[in-house]
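Colleague:
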Amino acid sequence: MILHEGPGFLIRSAPDGPWAGWCGSRFLEEGLASVNAAPGRALARLMRLAALLPGGFGLVWDHPPAWMEALQPEARQGWWEAISAIPGLTLHLGPDTALQVPGGAFRAWLHGPEPPTGPLGERWRQGTLGWAPRTSGSWCLPDLGPAGGGEEVPPGWLWGEVIVPVGALGTLGSGEALAAAMAEAQGTAERGLAQRLAAGAWGDLPFVRRSVGWRLALTGGAEFQRASGTWKAAFGQIRALAALLQDRLRTPLHAGASSDIQAAALLGRQALREGLPWRASLPLPPAPGTFSPGLSSDPRDPVPIEGRALQPADWTDTLDHPPAVLLRVPAVPPEAGALALLAGLHPAPAVRWLPPDLAPPGPFDPDRPWAPATAFPFPADPGNGQQRGLFEGLD
Numbered sequence: 272m273i274l275h276e277g278p279g280f281l282i283r284s285a286p287d288g289p290w291a292g293w294c295g296s297r298f299l300e301e302g303l304a305s306v307n308a309a310p311g312r313a314l315a316r317l318m319r320l321a322a323l324l325p326g327g328f329g330l331v332w333d334h335p336p337a338w339m340e341a342l343q344p345e346a347r348q349g350w351w352e353a354i355s356a357i358p359g360l361t362l363h364l365g366p367d368t369a370l371q372v373p374g375g376a377f378r379a380w381l382h383g384p385e386p387p388t389g390p391l392g393e394r395w396r397q398g399t400l401g402w403a404p405r406t407s408g409s410w411c412l413p414d415l416g417p418a419g420g421g422e423e424v425p426p427g428w429l430w431g432e433v434i435v436p437v438g439a440l441g442t443l444g445s446g447e448a449l450a451a452a453m454a455e456a457q458g459t460a461e462r463g464l465a466q467r468l469a470a471g472a473w474g475d476l477p478f479v480r481r482s483v484g485w486r487l488a489l490t491g492g493a494e495f496q497r498a499s500g501t502w503k504a505a506f507g508q509i510r511a512l513a514a515l516l517q518d519r520l521r522t523p524l525h526a527g528a529s530s531d532i533q534a535a536a537l538l539g540r541q542a543l544r545e546g547l548p549w550r551a552s553l554p555l556p557p558a559p560g561t562f563s564p565g566l567s568s569d570p571r572d573p574v575p576i577e578g579r580a581l582q583p584a585d586w587t588d589t590l591d592h593p594p595a596v597l598l599r600v601p602a603v604p605p606e607a608g609a610l611a612l613l614a615g616l617h618p619a620p621a622v623r624w625l626p627p628d629l630a631p632p633g634p635f636d637p638d639r640p641w642a643p644a645t646a647f648p649f650p651a652d653p654g655n656g657q658q659r660g661l662f663e664g665l666d
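First residue of the sequence shown: 272, per this note's numbering; consecutive thereafter.
#1: DSSP on residue 537, reduced to helix/strand/coil?
#2: Taking only three categories from DSSP, how would you classify residue 404?
#3: In chain order, which beta strand (DSSP E) runs of at least 3 residues are fully inside the segment 402-442?
#4: State buried or exposed for residue 406, treating a residue as buried only when at least 16 other CB atoms are found within 10 Å of its CB.
#5: Ends of the alpha helix (DSSP H) at residue 512?
#6: Per DSSP, residue 527 forms a beta bridge with which residues?
#7: Since residue 361 is in the beta strand (DSSP E), which residue starts that stretch and which ends it?
#8: Is the beta carbon of residue 365 sitting closer than 8 angstroms to the one on residue 623?
#9: Smallest Cα separation from residue 486: which of 467, 382, 524?
#10: In the DSSP assignment, find the unbroken beta strand (DSSP E) run with residue 291 in it and report its ends.
#11: What would DSSP say about residue 274, mapped onto helix, strand or coil?
#12: Could you tell me whether the Cβ atoms of residue 403 and residue 428 are closer together than 8 angstroms?
#13: Check residue 349 in the structure and name its three-state DSSP category.
#14: Looking at residue 498 and residue 546, is the spacing between their C-beta atoms short of 8 angstroms?
#15: My output table needs one value for residue 446: the three-state DSSP class, helix, strand or coil.
#16: According to DSSP, simplified to helix, strand and coil, what is residue 283?
#17: Taking only runs of the beta strand (DSSP E) that begin and end inside the segment 609-659, which ones reach a length of at least 3 residues, in chain order?
#18: Measure the Cβ-Cβ separation of residue 597 and residue 559 and say whether it is below 8 angstroms.
#19: With a 10 Å radius around its C-beta and 16 neighbouring C-beta atoms as the bar for buried, classify residue 635 as buried or exposed.
#20: Over what stretch of residues does the alpha helix (DSSP H) that includes residue 317 continue unbroken?
#21: Would you mind stating whether residue 620 and residue 595 have Cβ atoms separated by less than 8 angstroms?
#22: When burial is assigned at 16 or more other CB atoms within 10 Å of the CB, is residue 401 buried or exposed?
#23: Pull up the distance between the alpha-carbon of residue 573 and that of residue 331, whole angstroms please.
#24: Per DSSP, residue 382 is paired with what?
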């Protein structure tokens with residue numbers, strides 16, 4: 272991975288190829304009799320692809336629901352658990368496919384128009400499945416980008432990811448420094464990829480140069496709101512910056528939100544170290560001088576659940592894929608409470624629950640640890656809107 276840090280932005284790219292990518296499951300059958308007949312070979316192909324992409328690989332399962340009928344439920348369950356254990360790979364399912372999957376320890380994003388209920392809703396609230404809203408026929412992958420639609424999802428790639436604090440949008444100026452840094456990173460990746468292709472060291476998926484884009488991700492939304500920033504102006508600035516970068520780089524640009532804790536911390540320390548104007552939105556010492564990931568409150572802080580889940584109302588007019596929200600709760604939430612929470616979010620982000628029996632994701636920052644699960648409030652009765660006190664239940 273190549274990391275380039277500039278005033279108000281952080282660029283992550285690969286030295287000899289795309290930074291991240293995705294494809295549909297039907298592309299796994301190219302050169303195979305079928306995934307059903309050779310699941311081990313398909314798994315090996317996935318592992319090779321994920322190893323090539325430091326930013327992650329999204330597998331959209333677009334097979335018909337009646338896949339792998341010849342395999343026993345135990346073998347199918349082992350297949351899904353093996354896929355979700357591949358480092359850097361994220362599995363994306365539709366409701367019809369998810370209903371056919373045996374229960375197990377695998378992780379995935381479930382894409383559908385409404386939050387899941389019934390058996391799928393139980394697994395969603397237990398934290399094994401995340402839910403991403405899908406309002407049209409296209410797939411929008413959290414933390415990656417739009418993957419297209421139709422019966423088969425074509426392969427897609429990203430040259431890299433640039434992460435920008437929301438408070439820095441107004442002071443990036445013309446964006447020329449950012450565009451120049453992105454162009455240099457893209458040129459390095461293209462030259463390295465040419466050598467990789469010539470040496471036969473690329474994966475099995477076809478690489479189409481004109482469809483490769485960049486991801487422009489926002490972070491530090493909580494600090495931006497505390498500094499009395501207005502989302503309407505911020506989204507106007509991100510649209511203008513995205514148009515400029517698309518014109519300079521001649522590539523698609525996918526705007527989203529960054530849920531990366533480490534990148535948000537690096538940008539916060541940069542603002543304090545270099546005395547950048549947007550440092551004024553950061554908390555005062557002895558609190559850590561780091562930004563919160565995404566557009567809402569930090570998932571590690573025990574603030575009311577609405578503060579961790581609420582997103583700007585008009586994010587769909589600017590962002591190409593839903594922000595990913597991780598909600599830690601003191602117990603598995605009831606179905607009525609989970610649905611009542613999302614009913615008040617318009618539009619809803621992509622939501623994954625984190626009950627106390629699941630370990631929080633890393634990396635772990637000793638200066639800003641995760642609070643105990645019992646410190647995270649959850650509405651006690653969604654009917655009357657009562658909510659537990661912030662310190663209720665603490666010793």
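All residues carry an ideal CB built from backbone N, CA and C; glycine is no exception. Predicted model only: the values in this text are computed from it and were never measured.
Modeller: Looking at the coordinates:
#1: Position 266 of the sequence shown, counting from 1, holds the residue named residue 537. Under the three-state reduction of DSSP output, residue 537 falls in the helix class.
#2: To locate residue 404, count along the sequence shown from 1; it is residue 133. In this structure, residue 404 counts as strand in the three-state DSSP scheme.
#3: Within the segment 402-442, the complete beta strand (DSSP E) runs of at least 3 residues are 410-412, 416-419, 427-436.
#4: Taking the first residue of the sequence shown as position 1, residue 406 is located at position 135. Answer is exposed; the Cβ neighbour count stays below 16.
#5: Sequence index remark: in the sequence shown, residue 512 carries index 241 (1-based). It spans 502-520 - the alpha helix (DSSP H) in which residue 512 sits, taken as one unbroken run.
#6: Translated into positions along the sequence shown, residue 527 becomes position 256. Bridge partners of residue 527: 488.
#7: Against the sequence shown, residue 361 aligns to sequence position 90. Run containing residue 361: 360-364, per the beta strand (DSSP E) assignment.
#8: Within the sequence shown, residue 365 is the residue found at index 94, counting from 1. Within the sequence shown, residue 623 is the residue found at index 352, counting from 1. No Cβ-Cβ contact shorter than 8 angstroms links residue 365 with residue 623.
#9: One-based indexing of the sequence shown puts residue 486 at position 215. Answer by Cα proximity: 524.
#10: Translated into the one-based positions of the sequence shown, residue 291 becomes position 20. Looking at the DSSP string, the run of the beta strand (DSSP E) that includes residue 291 is 291-295.
#11: Residue numbering aside, residue 274 sits at position 3 when the sequence shown is read from its first letter. Three-state result, residue 274: strand.
#12: Here residue 403 is taken as the residue at index 132 of the sequence shown, counted from 1. Here residue 428 is taken as the residue at index 157 of the sequence shown, counted from 1. Taking 8 angstroms as the Cβ cut-off, residue 403 and residue 428 do not qualify as a contacting pair.
#13: Counted from its first residue, the sequence shown places residue 349 at position 78. Residue 349: helix per DSSP, three-state reduction.
#14: On the sequence shown, residue 546 is found 275 positions in, with the first residue counted as 1. On the sequence shown, residue 498 is found 227 positions in, with the first residue counted as 1. Taking 8 angstroms as the Cβ cut-off, residue 546 and residue 498 do not qualify as a contacting pair.
#15: Within the sequence shown, numbered from 1, the residue matching residue 446 stands at position 175. DSSP places residue 446 in the coil class of the three-state scheme, outside both helix and strand.
#16: The residue labelled residue 283 in the question sits at position 12 within the sequence shown. DSSP places residue 283 within a strand segment (E or B) once states are collapsed to three.
#17: Taken in chain order, the complete beta strand (DSSP E) segments of 3 residues or longer contained in the segment 609-659 are 621-625, 650-652.
#18: Taking the first residue of the sequence shown as 1, we reach residue 597 at position 326. Taking the first residue of the sequence shown as 1, we reach residue 559 at position 288. Going by C-beta atoms, residue 597 is not nearer than 8 angstroms to residue 559.
#19: Taking the sequence shown and counting its residues from 1, the one referred to as residue 635 is at position 364. Answer is exposed; the Cβ neighbour count stays below 16.
#20: Translated into positions along the sequence shown, residue 317 becomes position 46. In the DSSP annotation of this structure, the continuous segment of the alpha helix (DSSP H) that includes residue 317 starts and ends at 310-323.
#21: In the sequence shown, residue 620 corresponds to position 349, counting from 1. In the sequence shown, residue 595 corresponds to position 324, counting from 1. Result yes, Cβ atoms of residue 620 and residue 595 sit closer than 8 angstroms.
#22: To locate residue 401, count along the sequence shown from 1; it is residue 130. Result: buried.
#23: If you number the sequence shown from 1, residue 573 lands on position 302. If you number the sequence shown from 1, residue 331 lands on position 60. Taken atom to atom, the span from the alpha-carbon of residue 573 to that of residue 331 is near 33 angstroms.
#24: Within the sequence shown, numbered from 1, the residue matching residue 382 stands at position 111. Per DSSP, 403.
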